[in-house]
Amino acid sequence: MRIAVCVKHVPDATVHKRIDPTSKRLDRSGEGALNPTDLNAVEEALRIKEAHGGEVVLVSLGPAKSMDSLRKALAMGADRALLVADDAVAGSDLVATTAPLARALERESPDLVLFGQASSDGDGAVLWAAVADRLRRPLVSQVASLTVETDSITGKRQTEHGYDVIRAPLPAVVAVSDAINEPRYPSLKGIMGAKSKPQETLDLAAIGIDVGLVGEAGSKTTVLELGPPPSRGDQVKIEDDGSGAEKIVEYLLERRLI
Amino acid sequence: MKFLVFLEHYHGELEKGGLGVLSKAASLGEAAGVVLGPEAREVAGGAGAYGASTVYVSEDEAFASPLPQPRVDALAALVGQTSPDAVLFGASVLASDVAAGLAARLEAGLNWDLTDLVLEGDELVGKRPALGDTVLVDVGWTGAPRIALVRAGALDPVESGGSATVEDFEVGFSDFSTLATLVEQTQEESSGPSIEDADVIVAGGRGLGSPEAFSLCEQLASALGGAVGATRAVVDAGWYPYSTQVGQTGKTVSPRLYVACGISGAIQHKVGMQGSGTIVAINKDPNAPIFDFCDLGVVGDLHQVVPKLTELVRARRGDH
């Protein structure tokens with residue numbers, strides 16, 4: 136079974152994130168790491184490979200330095216990495232991102248495409264559904280437990296009203312939630328071996344995507360302006376001296392909340 | 120501006136999220152709704168009261184399960200037939216996948232996590248908090264159809280008392296759209312209101328100290344007529360069900376009153392509840408980040424404060 140895991144290099148969580156006021160894009164110049172919830176997708180792929188055999192391929196879109204982050208997933212046990220890196224991709228919105236990503240995935244013709252929950256830089260849990268539509272494959276998202284058989288997958292996912300169990304034939308696209316597993320730590324041997332695993336970096340021309348389809352040119356959304364968020368107004372902070380509960384009740388009564 | 124709003128229904132009622140978005144759309148222009156699935160015809164008319172002039176319905180068998188891909192086909196067809204300027208969704212597990220699939224299908228722009236929509240001149244502008252809500256970004260679209268996902272609970276339904284024409288429409292399905300199938304569905308047993316619709320939420324975090332201490336939250340919630348929520352940390356620890364989780368990976372809620380008990384206020388939790396009307400926090404750590412975004416913060420031991428608060432609220436209820 137060939138499993139492609141879509142992963143993303145994101146700015147490091149411990150570094151203060153900022154939006155560049157000129158380009159109105161997230162400043163990605165600093166240190167980065169693999170998007171934390173992508174590790175759940177990598178872990179799930181490795182477990183499927185351990186049970187069914189096959190190959191785990193990392194597929195990513197991002198700056199050339201992303202390969203450093205991808206190496207962490209190679210160290211966990213993924214077999215190889217494909218990175219589409221091209222300066223023209225910067226500033227891509229959803230449709231502009233999914234065009235080259237879907238093309239890179241098509242190139243690998245995987246039986247299963249896995250996504251992690253959401254990227255920590257864009258907050259959007261929208262990528263997988265757009266990719267599934269471009270690939271014309273069935274989609275099961277937000278999967279908290281996954282069963283893989285030779286020709287189908289069954290995923291259980293949480294909804295607003297309970298749990299749904301959904302089955303789809305392979306090839307399919309599955310997005311996993313971070314409740315699905317606990318990602319393994321790379322072993323020392325894994326870390327040492329990661330460097331020598333196949334790591335391919337391709338530009339847009341190599342995957343046959345026109346530069347007009349990506350970046351600002353290919354994007355259908357725009358960022359107009361940045362401003363401060365609305366303030367919550369006056370805040371009250373008190374120390375409980377034994378009358379904390381009474382003060383809460385007074386506060387709620389004043390605002391007609393009880 | 121002409122809007123098409125995706126409306127979900129559950130147990131014979133239109134969901135609040137979609138109706139909130141519909142009310143907003145109706146205030147900005149001409150709003151139509153779309154309802155898909157069993158009972159669609161029956162519930163569709165109710166959207167008139169929230170500003171829909173027309174509600175398009177299909178009860179095709181493919182919509183019996185809450186799966187996104189057949190709905191992408193339906194919306195793509197409807198966009199073709201009715202040419203809306205914008206297609207709007209209230210975020211949910213289902214709606215997010217439908218919106219994203221539709222954006223790819225139509226090569227259209229999708230802006231998500233919006234907390235408001237406004238018209239600036241003739242142009243639609245979305246308000247999107249970003250980077251843990253430290254920045255508010257104005258976002259736009261380069262052309263129609265503009266697709267938008269509105270953050271759950273960001274817009275309240277407003278009854279305007281109108282009525283809607285209900286119209287059937289034809290849907291054809293893509294070969295891959297009906298491949299995924301629902302094999303089992305379990306509904307969560309929930310006593311009291313579900314957390315997304317609750318007017319009051321009492322939520323507990325690691326500061327409770329033990330799973331048993333959740334009874335403090337339950338009792339206060341019951342006295343206030345609300346529901347109980349939990350943080351990611353305690354859900355991961357198995358103290359409380361996943362379905363009550365509030366936060367980036369759980370539910371996004373915006374009750375009138377949110378009482379946070381022993382919750383530090385990590386960004387993962389904050390994004391799920393900061394839309395609440397009034398936030399009261401009780402935490403023994405005076406440096407907890409939650410004190411930066413609550414309205415009333417009480418630095419103290421929740422094991423003392425919460426039971427006393429429950430007692431006082433009960434006593435007041437008894438008075439009236």
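Chains as they are written, first to last, in this note's numbering: chain P, 136 to 393; chain H, 120 to 439. For glycine and all other residues, C-beta sits at the position ideal for the given N, C-alpha and C.
Could you work out which residue in the options is closest to residue i when comparing CA atoms only?
| i | options | result |
| --- | --- | --- |
| P:Gln334 | P:Leu217, P:Leu181 and P:Ser158 | P:Leu217 |
| H:Tyr377 | H:Leu431, H:Asp316, H:Gly328 and H:Glu430 | H:Asp316 |
| P:Ser195 | P:Glu178, P:Leu169 and P:Ala186 | P:Leu169 |
| H:Leu147 | H:Leu207, H:Ser202 and H:Gln188 | H:Leu207 |
| H:Val269 | H:Tyr169, H:Lys143, H:Ile386 and H:Arg433 | H:Lys143 |
| P:Ile97 | P:Arg269, P:Asp268 and P:Ala310 | Outside the shown range of chain P, which is 136 to 393, sits residue 97 of chain P, and nothing can be said about it. |
| H:Val390 | H:Val425, H:Ala271 and H:Ser334 | H:Ala271 |
| P:Leu339 | P:Asp155, P:Asp222, P:Leu193 and P:Pro273 | P:Asp222 |
| P:Leu274 | H:Asn230, H:Thr297 and H:Pro248 | H:Thr297 |
| P:Val300 | P:Thr282, P:Arg163, P:Asp313 and P:Ala314 | P:Thr282 |
| H:Ser215 | P:Ala199, P:Ser276 and P:Arg206 | P:Ser276 |
| H:Thr261 | H:Gly394, H:Val244 and H:Val254 | H:Val244 |
| P:Val219 | P:Ser158, P:Val308, P:Ala329 and P:Leu337 | P:Leu337 |
| H:Leu274 | H:Val302, H:Pro374 and H:Gly324 | H:Pro374 |
| H:Thr300 | H:Arg224, H:Gln188, H:Leu431 and H:Leu327 | H:Gln188 |
| P:Pro314 | H:Leu194, H:Arg325, H:Ala352 and H:Ile314 | According to the sequence displayed, residue 314 of chain P carries Ala and not Pro. Checking every option, the nearest Cα to that of P:Ala314 belongs to H:Ala352. |
| P:Val266 | H:Ala218, H:Ile320, H:Arg436 and H:Gly156 | H:Ala218 |
| H:Pro360 | H:Leu197, H:Leu255 and H:Pro330 | H:Pro330 |
By the three-class DSSP mapping on this structure, what secondary structure does residue i have?
| i | result |
| --- | --- |
| P:Ala216 | strand |
| H:His128 | strand |
| P:Arg292 | strand |
| H:Phe182 | helix |
| H:Pro157 | coil |
| P:Lys355 | coil |
| H:Tyr377 | strand |
| H:Gln338 | helix |
| H:Trp260 | strand |
| H:Glu315 | coil |
| H:Trp231 | strand |
| P:Asn316 | coil |
| P:Val308 | strand |
| H:Ser172 | strand |
| H:Thr300 | strand |
| P:Ser164 | coil |
| P:Asp299 | strand |
| P:Ala380 | helix |
| H:Gly136 | helix |
| P:Glu179 | helix |
| P:Asp246 | coil |
| P:Arg391 | coil |
| H:Ala393 | Note on residue identity: the sequence assigns Gln, not Ala, to residue 393 of chain H. Three-state DSSP puts H:Gln393 in coil, outside helix and strand. |
| H:Glu430 | helix |
What's the gap between the Cα of residue i and the Cα of residue j?
| i | j | result |
| --- | --- | --- |
| H:Arg160 | H:His128 | 11 Å |
| P:Glu179 | P:Thr357 | 35 Å |
| P:Val384 | H:Gly366 | 26 Å |
| P:Ile393 | H:Leu343 | 7 Å |
| H:Glu242 | H:Leu233 | 16 Å |
| H:Pro264 | P:Ser354 | 13 Å |
| H:Ala400 | P:Gln293 | 28 Å |
| H:Gly381 | H:Val417 | 11 Å |
| P:Ala208 | H:Thr350 | 28 Å |
| H:Phe292 | H:Ile266 | 21 Å |
| H:Ala340 | H:His422 | 15 Å |
| P:Ser227 | H:Val140 | 27 Å |
| P:Val145 | H:Pro203 | 35 Å |
| H:Ala145 | H:Thr284 | 15 Å |
| H:Phe410 | P:Asp375 | 14 Å |
Please return the same chain residues whose Cβ sits closer than 7 Å to the Cβ of residue i, not counting the five positions on each side in sequence.
| i | result |
| --- | --- |
| P:Leu382 | In the sequence as presented, Leu is not what sits at residue 382 of chain P; that position holds Lys. Cβ within range, chain order: Ile373. |
| H:Gly137 | Val124, Phe125, Leu126, Glu127 and Gly209 |
Apart from the five residues just before and just after residue i, which ones in its own chain have a Cβ nearer than 8 Å to its Cβ?
| i | result |
| --- | --- |
| P:Gly189 | Met136, Arg137, Ile138, Ile183 and Asp246 |
| H:Gly131 | Glu158, Glu161 and Val162 |
| H:Ala168 | Glu278, Ser279, Gly280, Gly281 and Ser282 |
| H:Phe412 | Gly384, Lys389, Gln393 and Ile398 |
| H:Val432 | Leu339, Ala342 and Leu343 |
Apart from the five residues just before and just after residue i, which ones in its own chain have a Cβ nearer than 6 Å to its Cβ?
| i | result |
| --- | --- |
| H:Val277 | Ser142 |
| H:Glu525 | The displayed coordinates of chain H run from 120 to 439. Any statement about residue 525 of chain H would go beyond what the structure contains. |
| P:Thr172 | Gly251, Gln252 and Asp313 |
Would you verify that the beta carbon of residue i is, or is not, closer than 8 Å to some beta carbon of chain B?
| i | result |
| --- | --- |
| P:His296 | The structure shown contains no chain B; the protein chains it does contain are P and H. |
Report the residues of the segment 316–339 of chain P with a CB closer than 7 Å to any CB of chain H, ordered along the chain. Within the segment 316–339 of chain P, no residue places its CB atom closer than 7 Å to a CB of chain H.
Mind checking the segment 353–365 of chain P against chain H and listing, in chain order, the residues whose C-beta falls within less than 8 Å of any C-beta there? Going along the segment 353–365 of chain P in chain order, one finds Ser354, Lys355, Thr356, Thr357, Val358, Leu359, Glu360, Leu361, Gly362, Pro363, Pro364 and Pro365 with a Cβ nearer than 8 Å to chain H.
Residues of the segment 257–275 of chain P with a CB closer than 8 Å to any CB of chain H: list them in chain order, please. Only those residues of the segment 257–275 of chain P whose C-beta falls short of 8 Å from the nearest C-beta of chain H are listed: Asp258, Gly259, Ala260, Val261, Leu262, Trp263, Ala264, Ala265, Val266, Ala267, Asp268, Arg269, Arg271, Arg272, Pro273, Leu274 and Val275.
Any C-beta of chain H within less than 7 Å: which residues of the segment 224–237 of chain P qualify? Of all residues in the segment 224–237 of chain P, only Asp228, Leu229, Val230 and Thr233 come within less than 7 Å of chain H when Cβ atoms are compared, listed by chain position.
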